[in-house]
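There are 8 protein chains.
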Amino acid sequence: MEDILKQVQDGSLSITEAKDKLATYENLGFAKVDHHRKKRQGFPEVVFGEGKTPEQIIAIIQALKAKNNAVLVTRITKEKAESVQVQFPEFNYHETAEILLWKKEIPEKDRVNSYIAIVCAGTSDLRVAEEAAITAEALGCPVKRFYDVGVAGIHRLFDNIEEIQQATVSVVVAGMEGALPSVVGGLVSHPVIAVPTSIGYGASFNGLSALLTMLNSCASGISVVNIDNGFGGAYNAALVHRLANKQQ
Amino acid sequence: MEDILKQVQDGSLSITEAKDKLATYENLGFAKVDHHRKKRQGFPEVVFGEGKTPEQIIAIIQALKAKNNAVLVTRITKEKAESVQVQFPEFNYHETAEILLWKKEIPEKDRVNSYIAIVCAGTSDLRVAEEAAITAEALGCPVKRFYDVGVAGIHRLFDNIEEIQQATVSVVVAGMEGALPSVVGGLVSHPVIAVPTSIGYGASFNGLSALLTMLNSCASGISVVNIDNGFGGAYNAALVHRLANKQQ
Amino acid sequence: MEDILKQVQDGSLSITEAKDKLATYENLGFAKVDHHRKKRQGFPEVVFGEGKTPEQIIAIIQALKAKNNAVLVTRITKEKAESVQVQFPEFNYHETAEILLWKKEIPEKDRVNSYIAIVCAGTSDLRVAEEAAITAEALGCPVKRFYDVGVAGIHRLFDNIEEIQQATVSVVVAGMEGALPSVVGGLVSHPVIAVPTSIGYGASFNGLSALLTMLNSCASGISVVNIDNGFGGAYNAALVHRLANKQQ
Amino acid sequence: MEDILKQVQDGSLSITEAKDKLATYENLGFAKVDHHRKKRQGFPEVVFGEGKTPEQIIAIIQALKAKNNAVLVTRITKEKAESVQVQFPEFNYHETAEILLWKKEIPEKDRVNSYIAIVCAGTSDLRVAEEAAITAEALGCPVKRFYDVGVAGIHRLFDNIEEIQQATVSVVVAGMEGALPSVVGGLVSHPVIAVPTSIGYGASFNGLSALLTMLNSCASGISVVNIDNGFGGAYNAALVHRLANKQQ
Amino acid sequence: MEDILKQVQDGSLSITEAKDKLATYENLGFAKVDHHRKKRQGFPEVVFGEGKTPEQIIAIIQALKAKNNAVLVTRITKEKAESVQVQFPEFNYHETAEILLWKKEIPEKDRVNSYIAIVCAGTSDLRVAEEAAITAEALGCPVKRFYDVGVAGIHRLFDNIEEIQQATVSVVVAGMEGALPSVVGGLVSHPVIAVPTSIGYGASFNGLSALLTMLNSCASGISVVNIDNGFGGAYNAALVHRLANKQQ
Amino acid sequence: MEDILKQVQDGSLSITEAKDKLATYENLGFAKVDHHRKKRQGFPEVVFGEGKTPEQIIAIIQALKAKNNAVLVTRITKEKAESVQVQFPEFNYHETAEILLWKKEIPEKDRVNSYIAIVCAGTSDLRVAEEAAITAEALGCPVKRFYDVGVAGIHRLFDNIEEIQQATVSVVVAGMEGALPSVVGGLVSHPVIAVPTSIGYGASFNGLSALLTMLNSCASGISVVNIDNGFGGAYNAALVHRLANKQQ
Amino acid sequence: MEDILKQVQDGSLSITEAKDKLATYENLGFAKVDHHRKKRQGFPEVVFGEGKTPEQIIAIIQALKAKNNAVLVTRITKEKAESVQVQFPEFNYHETAEILLWKKEIPEKDRVNSYIAIVCAGTSDLRVAEEAAITAEALGCPVKRFYDVGVAGIHRLFDNIEEIQQATVSVVVAGMEGALPSVVGGLVSHPVIAVPTSIGYGASFNGLSALLTMLNSCASGISVVNIDNGFGGAYNAALVHRLANKQQ
Amino acid sequence: MEDILKQVQDGSLSITEAKDKLATYENLGFAKVDHHRKKRQGFPEVVFGEGKTPEQIIAIIQALKAKNNAVLVTRITKEKAESVQVQFPEFNYHETAEILLWKKEIPEKDRVNSYIAIVCAGTSDLRVAEEAAITAEALGCPVKRFYDVGVAGIHRLFDNIEEIQQATVSVVVAGMEGALPSVVGGLVSHPVIAVPTSIGYGASFNGLSALLTMLNSCASGISVVNIDNGFGGAYNAALVHRLANKQQ
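As you go down the protein sequences, you meet chains V, A, U, C, H, Y, S and P in turn. Residues in the first sequence are numbered from 1 upward in steps of one, following this note's numbering. Residues in the second sequence are numbered from 249 upward in steps of one, following this note's numbering. Residues in the third sequence are numbered from 497 upward in steps of one, following this note's numbering. Residues in the fourth sequence are numbered from 745 upward in steps of one, following this note's numbering. Residues in the fifth sequence are numbered from 993 upward in steps of one, following this note's numbering. Residues in the sixth sequence are numbered from 1241 upward in steps of one, following this note's numbering. Residues in the seventh sequence are numbered from 1489 upward in steps of one, following this note's numbering. Residues in the eighth sequence are numbered from 1737 upward in steps of one, following this note's numbering.
This is the structure:
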């Protein structure tokens, strides 16, 4: 601010120009927000597709695509996605994940060997697991999938545990009784993001049972996101993954 | 009934005697109940101690002891138990389980090699686990205890899994997230009775979280009793155990 | 392990062969799982049909049928079942139970006289009761059905109580207020598996009322499975039934 | 009103007097309330003792006793009751029911043969059952008690069912699973008032389980009052009982 | 029983006949049930139509109509009702109440002047209120309807309160906040049966709000039935009404 | 901002001074907060006493008293209040409301004739009602109290309704079934702030029942604050009252 | 009343006429209601469209339109609205708000500068926010909309906070976590009416999460209406707004 | 494994030795667990103090201290801590956090500049916030505290936001409405671990309200731990922090 004022004083800056700059500076109070937004750059803009028409989604994509390297549309049905793809044929639709994605290739030099483990209890949790996996990839993070490794047949988990242990962070997706994150959390030394799903019957109460299980886990190092929020699980994991790789 | 009526007809039975017999027969409608009570004999009479005064418990014991080989008082505090023991010094108090027990020695010939596994997740679930273990023993069933084998450090469970697998039936006690029965249920081929405990913090809601987890288990062969109901878990297990050993 | 090592030492086993064998042995740590799976043999493989396409179900059946004597598909609608039956005409569809089943005839010598009682409160609980009954039969257990014997007209139960008492184990299915297992549990001496159903109105909250009733039963010897989980109730009962008959 | 106006017109009523009368008449709009209060006469005044000091209770009793034949204080501890009895030694304290009562003798000619059945599942529900029984008696209704007849040993209920059937109305008190009103409701032809109690463990959730059971009863003719509300159950029953006896 | 036995003794009754009679007598243990069923005669048989096909309903009606003077089918849609009416054109369908009814005319001599008040808070509660009204009429009870008298415009209630006060018993139907039974209960001296409805928005939670309101009413003399259970409310009221009129 | 910059340009303001002013201006972004705080002046500072020691409360009062005309301490027990009064004898303690208050006399010229109505259903809700009344008075608003006017004896409300109608705004406090705000809301033309209390029994669930009732009110013009939040109800009412009187 | 009586006394009023007048006066007991209804005049009549047929809505509008200056139909779908518009083409349909409205122009002299702020967290809450905005306008209150200013990007709120602060009262609409009213409440000095919406996923439980958040707000000056009740929020705000402007 | 087998083959390893090594290797299946435990080294051993006696805690500390550089006892009251300190005077007790801690000094070279932000809404949440802060420090992470920055006075947060933004990860602790994590999450670019507290009144339901708010946050990058679980929040943050600093 002092610089600007000095320039005003010595006449090198008109009052109008100074006002603009200071206004910017004032906004800089909120430009911290922008700055931090900057720090999150490289991350694609995300559009939540549920409850939006194809026209609305197309309009939003047009606004975003100019300034971004990637656009991620979550919770979008196949029908809506196809309407959008007429306009943007370069977008790919991931059917299981219900995600529509466009992203520029990540340059070789920016790639890392470390990866996020997406661990999934049962085949019926796949939609949420794939939402997490595709989201993490869209956010620039390598991903390894470990699916159908639920606790009722725990040897399936043990066959994969070493690879899971070598991940930077795990996103563990489970419905029904939601016990998988507790078991994984006891076997790995990295953060575990638990995602309860609404898959279940009777007293699962649309994911409430799995949610409570995960919140009450007696294993340390587990935090939880909302029911079916594969996107949120992956977003958290990507923030962690970026921290772990920032010096490379 | 036909026999009785014939005896009336031929005069070998007086009307009064016939009425008695038929009344008995009528009562036999509920004597089925008694008969089944008979089948459960060998089982001790059970007194639920919570909310009863020492005097009431003493009175009940006096009524029961004449006709039974064993008396089991559950949910009884150390103080109450000591008051009762003044009257009945032959009763033993199990402090962790909060059980007061008197039983005749089971004759050598009635003993079996098979056993019930009492599996317990954490040290804070011990009261409920011991309530189950002492109850099962009081019901005449050999017991092996597997304590502190919760899923957050699953290798502890695996060190004991073979012995658990060889049991007739398992009672699996867990609080917090309640995931242990699911893991055990996937590893054994016998019935698993799951007992949720009220141990937990925050969103465990006094055992509701563990209860829901167990009801929603994706492993088959698990059934559930009420929160903290170690007695009920053992009672169910003992019924199964007796079935498995009845021909021996 | 010692044998293998000795064979390596004396050259009768190449290192490659020994690695294979030890790897197998290592896996044997989880082959306990397989071993126990073996103990459960005779039980059919179970496919949960809900949320799977006919194509997926057909693919799973093909994988399973080679190695099994029976295949049980639960929660499968009539339409899906008919699509599957085009491929596998030897499968029978049980419409009320929504079960598709194929099983080899149980040899005469393996049959037992004892049976599982499937007790059902009202006619609207029939789907769940039949799911239990067909499942138990598919698991090789004789079944007797006692339907429409709810507590609001309790004489209907009493007309059948002797036959229920002679069963090895009962599966008691009830919606609405879910009181039937308590009454049955007080009249029989064998284990009772209670299955709450989602049948009810208003404050039944999709089976929550019946579930709570059953968990809070003041009769001993009752354990509970998830809402509408007729399959789970029967599976537990079959485990008990097998234990009771294994020496015969 | 016309009469009053005519009297004003012909001068036989002054304006002031007419205003009083019409004001009374106006209040008569709420004097319906009073009138109906009159219809409920014979009923004692009721004081809810919980949360009131002995001094407050004494003050209220003094105000009430002048104009009433009976005063009923519910939910009053022994200590408080004794403080009140110093002032009013003619009051009797019912310890189990936690009720303090004073009532004039009902004249012989007003007594009826018919009675209210107070049916109670377990011994731990006694406080609520006695609150109901004493209340009903205080409201002038003969009472027969049927205690400890819960569904887990249903023959106890059947030994008493005929006498219960002959009652005018039943108040059925039950905690735990709360199944008793359904069974009674299926066996009697009179109205059943169900009172859930907070007695129970774990998932009884302080009477919620019993409450839901009763609301979902598949027997017709059952209505429900609040948890532990023995007073309310008896009050409803007394209203019904009075209707049934009003012509006598 | 003595008579039967004497007849056997003196030969006036064959053993076969005696067995029949005693069997009957035995059943008489449950014939109390029948006897009470008898006491409820005059009441129509009730068929719960929801979840039944027209064919099933027709079959049940055929079984019932022979032995009854009235048949009441509740919760039956217009479409189903029309299918049934093809077979039974003498049945009337009440569209708002969703009730299909056939009943013989009640003879003049059996009619009473007293009536049940059906009080209803809002126009959206009409289906439940009409279910109650038609049910009460089908059970032989005169009915007066007081609709749209909710507490938000309480003068509407006051315009009708005198007629409500003169009823034998009131059925008060309300959704939303469910406050009407409390207000009515404070103004009348007869029993009030409260029926919560599932009508409401947001935090009404499908009638839970109204249900809790009614259970917690600070007015005495109110009991509650299940959400939307207009039939149950009327059935309780009819039992009370019959008691009040039985001596006439 | 332009003025400041011009002064810098013409030298009448040093850079340091300009920085201060602009900093102030920047802070002015949040000085809106302060400004609005200003608008709320006249309102006393409020200290929530629960969970604070007398020492902490004394320290806070010392900090506040210098700059304020009134200090209001809510949820403070008698014992704590007495400790504080040793230090500040000019503070008055309102025992029922559990409020400790010090305020300067409101000058005659600032007084208004209009008032807030504090309406209260039952005597057990008095603590919350008085918390509201004392708070409103402390915030400078005249108050009229209408206590014990619950809906179970609705004539008590009608005797006072005209005075309630003439208030600027009503705070209606009710526990149990919480119906009073609906009735009041239908009778007045001003805003009603509803305060549910935790008073109740059984299924009142610590005020949840009253809260839901109020949220679901079918009367327009009612908004709700948290359970037992008499302070919050009065605070809202005072904001409204001030708006209504600001031109006077 | 005295006047009327005097006129009767002096013969200037016939008894019949006096009865009418006094009847009116009597009704005046409830005419307070009418009188207050009068005070609310200027407010349109409101019809809740959900669950009503177009025919019913048309009938109600016909009854209302004669005596009113405005009619507001809320929760009415486009299809229904179009059916109604055939009959009343002068009605305007607001599609986002699902409101059908007819109102006379407010005369210039009755307009005020002050306004209600409708603040809305996210674009998916728009339906509820527009219901509030259109309702407030229909009730004669100027409105300013501040949409999409949720707390996750709080600078959007700050860009508008000054204009929000200058409103008379704010209606703050938010779903998901429902945090916006707390933030706004801390920044403004006028009353805030919080409207939770059912927008959310997983553990939002149809608006329960947002509702609880708002009730528990640690900012003073916030009251809450039912989930999705944009109409109710605006109605409350309009009552406050009218109070604030009544002297102008 | 190949190496070991070769050594057996060439005789350089005896069979006994090889068995040991391979056994170790076998255990290595679970030694992964140990290995990962190793990776977590530097982290102190943690003892959950609640529900343990001082003697038990002393015994555990003795077992742990030999092999560790730090021991952290959480949820331990002052009394218990003092008993333990008699034995271990080198332990420090943190009274607000209820933590007892002993740790070796972290060497200068292992220290990092980056820090974890512990952000706390209100003063009543301090116990949980301090539990988080002390835990994080015990786990070797520098911490900066930002307390009493709740959303009701959001300028307090803004005064500190830049320092919060520069943290590696934030732990945000809030009770009442729990809105703070959403606001922080929208302003920072690093992961936010949200910790709901049980602080609140009425409808906060012991932290349920805050928990739901946090799970439903519309800001990305937020994950949640159990109610009052300050330890768990810090443990997760420390795992992230270590990842972010591991290359330094």
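For every residue, glycine included, the Cβ atom is placed at its ideal position computed from N, Cα and C.
Please confirm if residue i has its CB atom under 9 Å from at least one CB of chain U.
i	result
S83 (chain V)	no
V417 (chain A)	yes
Are residue i and residue j touching if we call contact CB-CB under 9 Å?
i	j	result
K1343 (chain Y)	L1304 (chain Y)	no
N464 (chain A)	N722 (chain U)	yes
L987 (chain C)	V1141 (chain H)	no
Can you check DSSP and say which residues form a bridge with residue i?
i	result
Y837 (chain C)	C:L844
C1608 (chain S)	S:V1661
Does the beta carbon of residue i sit closer than 9 Å to a beta carbon anywhere in chain S?
i	result
L1312 (chain Y)	no
Could you check whether the Cβ of residue i sits closer than 9 Å to any Cβ belonging to chain P?
i	result
A244 (chain V)	yes
V112 (chain V)	no
Can you look up residue i in the DSSP assignment and give me helix, strand or coil?
i	result
E1781 (chain P)	strand
T74 (chain V)	strand
F1138 (chain H)	strand
Q1240 (chain H)	Bear in mind that a pLDDT of 43 at Q1240 (chain H), under 50, signals an unreliable position, so the number given afterwards is only what the model happens to contain. Three-state result, Q1240 (chain H): coil.
S1444 (chain Y)	helix
S1750 (chain P)	coil
Closer than 9 Å, CB to CB, is residue i near chain A or not?
i	result
A179 (chain V)	yes
V1025 (chain H)	With a pLDDT of 30 at V1025 (chain H), under the threshold of 50, the predicted position of this residue should be treated as unreliable, though the coordinate-derived value follows. Not closer than 9 Å to any Cβ of chain A, the Cβ of V1025 (chain H) fails to qualify, so no.
I want to see whether chain H comes within less than 9 Å of residue i, judged by CB atoms only; does it?
i	result
S678 (chain U)	no
A1361 (chain Y)	yes
Interface residues of the stretch 1182-1193 of chain H facing chain C [CB-CB below 9 Å]:
H1182, P1183, V1184, I1185, A1186
Mind checking the stretch 203-222 of chain V against chain S and listing, in chain order, the residues whose C-beta falls within less than 9 Å of any C-beta there?
N206, G207, L208, L211
Give, in chain order, every residue of the stretch 719-734 of chain U whose Cβ lies closer than 7 Å to some Cβ of chain C.
none
Please list the residues of the stretch 1376-1407 of chain Y that have a C-beta atom closer than 7 Å to any C-beta atom in chain H, keeping them in chain order.
G1390, V1391, A1392, G1393, I1394
Closer than 7 Å, Cβ to any Cβ of chain A: which residues of the stretch 994-1013 of chain H, in chain order?
E994, L997, K998, V1000, Q1001, I1007, A1010, K1011
Note down, in chain order, all residues in the stretch 41-55 of chain V with a beta-carbon under 7 Å from any beta-carbon belonging to chain S.
G51
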